[in-house]
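**Student:** So that we are looking at the same thing, I have put the structure below in structure tokens.
Number of protein chains: 6
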Amino acid sequence: MSTKPISRYPVPDLKDLPSDMRERMLAVQEKAGFVPNVFLALAHRPAEWRAFFAYHDALLEKEGGLSKAEREMIVVATSGANQCQYCVVAHGAILRIRAKNPLVADQVAINHHEADITPRQKAMLDFAMKVALESERVDEADFAALKGHGFSDDDIWDIAAITALFALSNRMANFTAMRPNDEFYLMGRVPK
Amino acid sequence: MSTKPISRYPVPDLKDLPSDMRERMLAVQEKAGFVPNVFLALAHRPAEWRAFFAYHDALLEKEGGLSKAEREMIVVATSGANQCQYCVVAHGAILRIRAKNPLVADQVAINHHEADITPRQKAMLDFAMKVALESERVDEADFAALKGHGFSDDDIWDIAAITALFALSNRMANFTAMRPNDEFYLMGRVPK
Amino acid sequence: MSTKPISRYPVPDLKDLPSDMRERMLAVQEKAGFVPNVFLALAHRPAEWRAFFAYHDALLEKEGGLSKAEREMIVVATSGANQCQYCVVAHGAILRIRAKNPLVADQVAINHHEADITPRQKAMLDFAMKVALESERVDEADFAALKGHGFSDDDIWDIAAITALFALSNRMANFTAMRPNDEFYLMGRVPK
Amino acid sequence: MSTKPISRYPVPDLKDLPSDMRERMLAVQEKAGFVPNVFLALAHRPAEWRAFFAYHDALLEKEGGLSKAEREMIVVATSGANQCQYCVVAHGAILRIRAKNPLVADQVAINHHEADITPRQKAMLDFAMKVALESERVDEADFAALKGHGFSDDDIWDIAAITALFALSNRMANFTAMRPNDEFYLMGRVPK
Amino acid sequence: MSTKPISRYPVPDLKDLPSDMRERMLAVQEKAGFVPNVFLALAHRPAEWRAFFAYHDALLEKEGGLSKAEREMIVVATSGANQCQYCVVAHGAILRIRAKNPLVADQVAINHHEADITPRQKAMLDFAMKVALESERVDEADFAALKGHGFSDDDIWDIAAITALFALSNRMANFTAMRPNDEFYLMGRVPK
Amino acid sequence: MSTKPISRYPVPDLKDLPSDMRERMLAVQEKAGFVPNVFLALAHRPAEWRAFFAYHDALLEKEGGLSKAEREMIVVATSGANQCQYCVVAHGAILRIRAKNPLVADQVAINHHEADITPRQKAMLDFAMKVALESERVDEADFAALKGHGFSDDDIWDIAAITALFALSNRMANFTAMRPNDEFYLMGRVPK
Numbered sequence: 022m023s024t025k026p027i028s029r030y031p032v033p034d035l036k037d038l039p040s041d042m043r044e045r046m047l048a049v050q051e052k053a054g055f056v057p058n059v060f061l062a063l064a065h066r067p068a069e070w071r072a073f074f075a076y077h078d079a080l081l082e083k084e085g086g087l088s089k090a091e092r093e094m095i096v097v098a099t100s101g102a103n104q105c106q107y108c109v110v111a112h113g114a115i116l117r118i119r120a121k122n123p124l125v126a127d128q129v130a131i132n133h134h135e136a137d138i139t140p141r142q143k144a145m146l147d148f149a150m151k152v153a154l155e156s157e158r159v160d161e162a163d164f165a166a167l168k169g170h171g172f173s174d175d176d177i178w179d180i181a182a183i184t185a186l187f188a189l190s191n192r193m194a195n196f197t198a199m200r201p202n203d204e205f206y207l208m209g210r211v212p213k
Numbered sequence: 022m023s024t025k026p027i028s029r030y031p032v033p034d035l036k037d038l039p040s041d042m043r044e045r046m047l048a049v050q051e052k053a054g055f056v057p058n059v060f061l062a063l064a065h066r067p068a069e070w071r072a073f074f075a076y077h078d079a080l081l082e083k084e085g086g087l088s089k090a091e092r093e094m095i096v097v098a099t100s101g102a103n104q105c106q107y108c109v110v111a112h113g114a115i116l117r118i119r120a121k122n123p124l125v126a127d128q129v130a131i132n133h134h135e136a137d138i139t140p141r142q143k144a145m146l147d148f149a150m151k152v153a154l155e156s157e158r159v160d161e162a163d164f165a166a167l168k169g170h171g172f173s174d175d176d177i178w179d180i181a182a183i184t185a186l187f188a189l190s191n192r193m194a195n196f197t198a199m200r201p202n203d204e205f206y207l208m209g210r211v212p213k
Numbered sequence: 022m023s024t025k026p027i028s029r030y031p032v033p034d035l036k037d038l039p040s041d042m043r044e045r046m047l048a049v050q051e052k053a054g055f056v057p058n059v060f061l062a063l064a065h066r067p068a069e070w071r072a073f074f075a076y077h078d079a080l081l082e083k084e085g086g087l088s089k090a091e092r093e094m095i096v097v098a099t100s101g102a103n104q105c106q107y108c109v110v111a112h113g114a115i116l117r118i119r120a121k122n123p124l125v126a127d128q129v130a131i132n133h134h135e136a137d138i139t140p141r142q143k144a145m146l147d148f149a150m151k152v153a154l155e156s157e158r159v160d161e162a163d164f165a166a167l168k169g170h171g172f173s174d175d176d177i178w179d180i181a182a183i184t185a186l187f188a189l190s191n192r193m194a195n196f197t198a199m200r201p202n203d204e205f206y207l208m209g210r211v212p213k
Numbered sequence: 022m023s024t025k026p027i028s029r030y031p032v033p034d035l036k037d038l039p040s041d042m043r044e045r046m047l048a049v050q051e052k053a054g055f056v057p058n059v060f061l062a063l064a065h066r067p068a069e070w071r072a073f074f075a076y077h078d079a080l081l082e083k084e085g086g087l088s089k090a091e092r093e094m095i096v097v098a099t100s101g102a103n104q105c106q107y108c109v110v111a112h113g114a115i116l117r118i119r120a121k122n123p124l125v126a127d128q129v130a131i132n133h134h135e136a137d138i139t140p141r142q143k144a145m146l147d148f149a150m151k152v153a154l155e156s157e158r159v160d161e162a163d164f165a166a167l168k169g170h171g172f173s174d175d176d177i178w179d180i181a182a183i184t185a186l187f188a189l190s191n192r193m194a195n196f197t198a199m200r201p202n203d204e205f206y207l208m209g210r211v212p213k
Numbered sequence: 022m023s024t025k026p027i028s029r030y031p032v033p034d035l036k037d038l039p040s041d042m043r044e045r046m047l048a049v050q051e052k053a054g055f056v057p058n059v060f061l062a063l064a065h066r067p068a069e070w071r072a073f074f075a076y077h078d079a080l081l082e083k084e085g086g087l088s089k090a091e092r093e094m095i096v097v098a099t100s101g102a103n104q105c106q107y108c109v110v111a112h113g114a115i116l117r118i119r120a121k122n123p124l125v126a127d128q129v130a131i132n133h134h135e136a137d138i139t140p141r142q143k144a145m146l147d148f149a150m151k152v153a154l155e156s157e158r159v160d161e162a163d164f165a166a167l168k169g170h171g172f173s174d175d176d177i178w179d180i181a182a183i184t185a186l187f188a189l190s191n192r193m194a195n196f197t198a199m200r201p202n203d204e205f206y207l208m209g210r211v212p213k
Numbered sequence: 022m023s024t025k026p027i028s029r030y031p032v033p034d035l036k037d038l039p040s041d042m043r044e045r046m047l048a049v050q051e052k053a054g055f056v057p058n059v060f061l062a063l064a065h066r067p068a069e070w071r072a073f074f075a076y077h078d079a080l081l082e083k084e085g086g087l088s089k090a091e092r093e094m095i096v097v098a099t100s101g102a103n104q105c106q107y108c109v110v111a112h113g114a115i116l117r118i119r120a121k122n123p124l125v126a127d128q129v130a131i132n133h134h135e136a137d138i139t140p141r142q143k144a145m146l147d148f149a150m151k152v153a154l155e156s157e158r159v160d161e162a163d164f165a166a167l168k169g170h171g172f173s174d175d176d177i178w179d180i181a182a183i184t185a186l187f188a189l190s191n192r193m194a195n196f197t198a199m200r201p202n203d204e205f206y207l208m209g210r211v212p213k
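Chains as they are written, first to last, in the working numbering: chain W, 22 to 213; chain G, 22 to 213; chain C, 22 to 213; chain H, 22 to 213; chain U, 22 to 213; chain V, 22 to 213.
Written out as structure tokens, the structure reads:
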């Protein structure tokens with residue numbers, strides 16, 4: 022386990038946190054075996070922490086036209102474009118697990134055009150990259166292209182909203198120099 | 022009042038919304054004289070709506086080292102860089118009112134280097150623009166520069182977090198083609 | 022009235038100027054109620070001043086396939102892309118007046134794709150932005166697209182030439198830190 | 022002599038032009054041996070033609086803190102950045118002649134950092150490139166750097182204004198596909 | 022083992038290759054357990070293959086002021102900037118092994134500013150990124166900065182030349198859609 | 022003949038070089054009348070020198086679907102984009118000679134869209150520029166477009182590989198401040 026700082030800012034002790042935050046972290050720890058550093062680093066600001074995870078759960082834990090693996094693909098691809106170390110490493114791990122695919126996260130993070138994904142998923146990531154990097158140019162042709170791949174209006178909202186949430190998250194992680202837990206690097210790479 | 026659509030997505034009627042959302046909107050309406058379209062357009066997704074406004078209030082309505090006008094400056098400058106029509110127009114109005122200055126919002130939206138603001142505020146906006154446009158390059162020198170202008174670590178978090186929240190908000194507004202209320206354009210321009 | 026400097030360079034007194042320049046300025050003052058600062062700031066160099074306004078009048082005061090409001094739209098959109106405070110604020114005012122529309126200038130300055138303008142005007146501004154930002158890529162397909170919207174070859178010259186003139190003007194205004202007159206900010210916003 | 026078109030637009034015959042324009046062209050022809058195509062291509066619009074050459078002469082034919090060769094260096098460097106074939110080829114020829122140096126034009130057009138010019142000239146071109154490519158960022162530090170190399174405020178105006186004029190000129194030449202006269206390519210390369 | 026194509030171009034059989042190429046590949050296979058796809062994909066052109074690996078060995082297998090792990094860091098960082106999937110994945114594996122560090126490759130590929138490397142290594146990668154992305158701006162100040170970290174002139178050549186070789190290699194891999202061997206993804210991640 | 026340094030690094034004397042390198046240089050000298058500086062500057066590293074010229078000869082001296090002039094066009098266009106003074110000047114000379122055209126090199130270096138070349142050659146250079154500047158986006162549509170102009174798969178490899186080799190070469194020349202021989206500037210400009 023690394024002893025390097027996980028944020029430029031002070032990180033509270035679990036025991037000093039409000040009970041709702043602590044309980045959420047303990048639940049994650051029980052499931053994953055460790056507390057992902059984003060929970061600890063953002064806990065410096067409890068009100069923002071609660072809003073962030075409410076937003077996150079509304080978009081990433083949802084059932085719908087996008088699979089959970091596809092939701093993570095969006096995170097990994099756009100976080101790669103924003104050079105966010107925490108998000109690529111941590112969500113790369115989640116993507117490998119959700120997609121049951123040890124290769125796809127590294128592929129998507131570097132260049133989604135060359136990843137082992139479907140044409141529909143490439144169209145999804147093309148749009149996510151446009152929202153991430155030049156949202157002012159989104160237009161009706163983008164909607165038409167996505168509908169041609171079977172995405173509904175609500176699926177398209179999900180793609181854009183996940184991208185937008187990680188536009189926020191990437192900037193917070195980069196600005197605080199948030200460090201990914203060492204555990205993430207290997208998760209989902211070795212068949213159980 | 023414009024009858025143009027305010028979003029690419031369906032906009033719910035106030036009467037069909039959950040009561041917490043409706044009450045918040047009625048309170049804003051009472052104060053401002055109208056419901057800003059961001060409340061209506063984002064209401065397409067109640068869970069995300071609640072997270073967004075919780076995040077917003079935690080950062081924009083706060084007292085602290087940054088004045089409320091300065092918080093709005095950050096929104097206007099970075100939304101200008103992201104070419105977000107809704108956010109520049111709506112938050113430009115709020116900035117004019119909070120700063121009691123009819124000129125500063127247009128100046129900051131176009132080029133903050135030439136705005137009628139203090140050197141401390143220029144340093145604040147230089148940092149906000151870096152977080153908005155190249156957060157992967159934030160480093161210790163940025164923190165040192167801001168501290169030289171008297172910003173505390175928590176002020177710096179506020180600058181970055183407001184910028185990050187509007188990285189999200191700008192992308193949502195651009196993607197939904199969110200339309201600013203006509204009322205915003207004139208607010209704060211004419212002395213009462 | 023602001024007492025802030027209007028240029029990094031000395032600004033001549035009206036009474037010290039050659040009579041042709043003084044008369045032009047007095048005529049504008051009589052019509053607008055004030056002398057726009059561009060007349061004063063550029064007067065530091067009389068020969069360049071005369072060339073600039075001759076060029077300006079040949080393109081902006083002309084009748085032809087483009088309305089005067091459309092000519093100002095080109096100025097506002099490309100000056101927004103060049104982050105020129107003077108030109109966005111001053112020509113934004115003129116655009117509001119010529120278009121008899123209090124909203125369109127702010128819309129076009131931030132993101133013309135989302136402005137209340139016609140598809141023909143969007144095509145006009147798409148081309149103006151290409152001339153402003155990557156003129157080396159203008160090709161026959163651009164001419165064909167514009168002709169499909171009914172623009173003649175001479176209209177296309179007007180679009181490009183207005184853009185080119187403000188490529189010059191934006192750089193002069195940015196370099197001299199030319200300050201917009203306070204009066205411009207409110208012009209055309211309140212119905213008479 | 023090439024028979025390729027010199028502009029996307031009609032080019033008037035010398036004999037059909039107003040006498041002031043024709044006389045200027047004949048004078049240039051007598052001196053250079055040919056009429057540079059910019060005179061013919063821009064003659065499609067006489068009023069703009071007159072304004073352009075008045076502006077040009079006020080800045081390029083002037084005596085002052087910058088030599089005439091240095092004025093041409095600014096044109097060549099910034100026209101290279103704007104990928105303007107006419108301006109690089111035609112003004113490259115003039116620069117070779119005015120600098121009595123057969124190498125400097127190609128060097129400056131490709132990468133002025135590696136050209137056979139003085140540190141003062143490099144500082145001049147660094148500033149010209151900033152005005153050409155990101156004029157919104159010009160600030161007091163730029164003026165201080167130039168003054169450290171002995172440039173006066175009026176020299177700095179000349180650097181910026183020549184750059185601004187060719188921001189216009191490059192866009193006109195690119196948009197009209199203006200073709201450099203074949204004669205320019207060899208001018209100033211062979212010692213007489 | 023993946024059965025997906027490893028190149029857009031035909032890939033020769035080992036048995037059909039000239040003996041020098043086949044022997045090199047068999048030697049690598051004996052050491053690594055598999056033949057890295059770059060050997061097979063580039064074998065479409067034997068003369069270029071020989072030149073490429075001669076260049077590679079001269080720079081990557083060399084002893085000198087840079088450790089072999091540092092040489093691979095340069096490859097991984099600049100290949101990340103060029104979005105080259107093959108080079109990031111394959112050289113990421115080699116970097117993990119040479120640095121005996123399971124984390125550093127992913128860190129350097131995403132954002133070297135936040136990697137677990139020394140200030141000297143950050144300076145090395147800052148320079149490599151400049152050579153990769155804007156080599157026309159390399160100047161004496163870059164050499165001085167590197168010498169301040171103890172790099173000799175020949176070390177600096179190594180940094181630049183490795184970067185230059187992978188500018189070539191990244192473009193070949195991207196253009197041929199070269200696929201990394203599945204084996205690379207896990208190499209060096211699990212302690213033996 | 023210039024006495025300016027031709028590289029930031031020491032340049033060996035011909036007499037001190039291994040015989041294979043010296044013989045190659047003497048052969049070039051006999052043919053061209055001088056030793057191009059790239060031979061001397063890269064000789065600082067004999068193993069890299071041999072790999073570089075082996076690579077060069079395999080791609081530039083080859084017969085095939087691309088003429089030798091077309092191969093040089095690729096070098097000149099992409100070296101212009103990379104602002105490499107040595108490569109534009111030296112290969113511009115070779116292009117003039119191989120194309121028997123005194124104008125085409127300057128045209129292609131500044132803006133290949135406006136050069137006196139065929140539509141097929143423009144498509145070739147469009148692709149070369151994509152490989153030079155954004156190789157991660159090369160896709161099947163690029164191959165289809167080139168085949169529509171009659172290029173074979175092996176011709177396309179040649180275009181990409183020449184571009185890739187000069188991605189390397191441009192970076193080496195820029196980093197060493199490699200100086201073009203004065204002789205190149207005039208070569209191929211004057212009819213014999």
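All residues carry an ideal CB built from backbone N, CA and C; glycine is no exception.
Run down chain U in chain order and give the residues with a C-beta less than 9 angstroms from the C-beta of H:His134.
**Tutor:** Those within 9 angstroms of H:His134 in chain U are Glu157, Arg158, Val159, Asp160.
**Student:** Could you work out which residues of chain W lie near G:Glu69, taking near to mean beta carbons separated by less than 8 angstroms?
**Tutor:** Result: Tyr76, Ala79, Leu80, Ala182.
**Student:** Is there at least one Cβ from chain G nearer than 9 angstroms to C:Ala198's Cβ?
**Tutor:** Chain G contact via Cβ: present.
**Student:** Take the Cβ of U:Arg158 as the centre, count every other Cβ of all protein chains shown within 10 Å, and call the residue buried at 16 or more, exposed below.
**Tutor:** It is exposed - the Cβ of U:Arg158 has fewer than 16 other Cβ atoms within 10 Å.
**Student:** So for H:Pro33, helix, strand or coil by DSSP?
**Tutor:** In this structure, H:Pro33 counts as coil in the three-state DSSP scheme.
**Student:** Which ranges would you report for the alpha helix (DSSP H) in the stretch 100-135 of chain C if only whole runs of at least 4 residues count?
**Tutor:** Fully enclosed alpha helix (DSSP H) runs of 4 or longer: 106-120, 125-131.
**Student:** If you count every other CB in all the chains shown that lies within 10 Å of the CB of V:Thr197, and 16 or more means buried, which is it?
**Tutor:** Its Cβ being crowded by 16 or more others within 10 Å, V:Thr197 is buried.
**Student:** On the three-state DSSP scale, how would you describe H:Ser40?
**Tutor:** H:Ser40 falls in the helix class under three-state DSSP.
**Student:** Since U:His77 is in the alpha helix (DSSP H), which residue starts that stretch and which ends it?
**Tutor:** U:His77 -> alpha helix (DSSP H) spans 67-81.
**Student:** Terminal residues of the continuous alpha helix (DSSP H) containing C:Leu189?
**Tutor:** Here the alpha helix (DSSP H) through C:Leu189 covers 174-197.
**Student:** For the alpha helix (DSSP H) containing G:Phe60, name the first residue and the last one.
**Tutor:** G:Phe60 -> alpha helix (DSSP H) spans 58-63.
**Student:** Indicate whether H:Leu124 and V:Tyr206 have their beta-carbon atoms separated by less than 9 angstroms.
**Tutor:** Yes, these two residues count as a Cβ contact at 9 angstroms.
**Student:** For the stretch 98-110 of chain V, which residues have a beta carbon sitting closer than 9 angstroms to at least one beta carbon of chain U?
**Tutor:** The residues in question are Asn103, Gln104, Cys105, Gln106.
**Student:** Quick one: what does DSSP say W:Leu167 is sitting in, helix, strand or coil?
**Tutor:** Here W:Leu167 sits in helix by DSSP.
**Student:** Using only the alpha-carbon positions, how far apart do U:Asp41 and V:Pro26 sit?
**Tutor:** Each residue's alpha carbon lies about 40 angstroms from the other.
**Student:** Please list the partners that H:Phe193 has in chain C, where partner means a Cβ-to-Cβ separation under 8 angstroms.
**Tutor:** Correcting the residue type first, residue 193 of chain H is Met in the shown sequence and not Phe. The contacting residues are Ala181, Ala182, Ala185.
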